[in-house]
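To get this note's numbering, take the position in the sequence shown, counting from 1, and add 83.
Note that CB positions come from ideal geometry on N, CA and C, so glycine has one too.
What follows is a single structure, written as structure tokens, with notes after it.
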Amino acid sequence: MGVGFGLMVLIAFTSNETSVAIGVGGFLVVMGIAFFINSLMEAPDPYASRHFGPSAPPSFGATPPSFGSNATPPPPAEPPRRD
């Protein structure tokens, strides 16, 4: 819509042809209004997320180890031997 109004003003001031300016710019304004109204009538996306909090990480069968206040993490794995 803004491009249509801008083109309307540009053509009207540069060529002094207001009927041409309204015809060309008005076409783009009407197309912009049609797209805007069409977007308002569009069906909502059924796959859109309906919650706003952080999502839980996916579970692949293994739960991550939990280290309580008394537990220590396991020692690192030994590097492979190179004989």
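In whole angstroms, give me the CA-to-CA distance for F107 and F96.
Here residue 107 corresponds to residue number 24 of the sequence shown, with the count starting at 1. Here residue 96 corresponds to residue number 13 of the sequence shown, with the count starting at 1. Sequence inspection shows Val at residue 107; the Phe mentioned does not correspond to that position. Using only the alpha carbons, I get a separation of about 14 Å.
Worksheet item: What do you get for I94, buried or exposed, if any count of 16 or more other CB atoms within 10 angstroms of its CB means buried?
Response: The residue given as residue 94 occupies position 11 in the sequence shown. Label assigned to I94: buried.
request  = Locate the alpha helix (DSSP H) running through T101, then write down its first and last residues.
outcome  = Within the sequence shown, numbered from 1, the residue matching residue 101 stands at position 18. T101 to L123 is the span of the alpha helix (DSSP H), which, as asked, contains T101.
- Message: Can you list, in chain order, the residues of its chain with a C-beta nearer than 7 Å to that of I105? Leave out the 5 residues immediately preceding and following it.
- Response: Counting from 1 along the sequence shown, the entry for residue 105 is found at position 22. The answer, listed in chain order, is M91.
Just reading off the alpha helix (DSSP H) that M84 is part of, what are its end residues? The count along the sequence shown starts at 1 and reaches residue 84 at position 1. Where M84 is concerned, there is no enclosing alpha helix (DSSP H), given that its DSSP letter is neither H nor E.
Would G87 pass as a contact of L111 if the rule is Cβ separation under 8 Å?
Walking along the sequence shown from the start, residue 87 turns up at place 4. Walking along the sequence shown from the start, residue 111 turns up at place 28. Contact: yes.
**Asked** Going along the chain, which residues of its own chain have a beta-carbon closer than 8 Å to the beta-carbon of G115, five neighbours each way excluded?
**Response** Reading the sequence shown from its first residue, position 32 is the one you call residue 115. Excluding residues within five positions, the ones whose Cβ falls inside 8 Å are M84, G85, V86 and G87.
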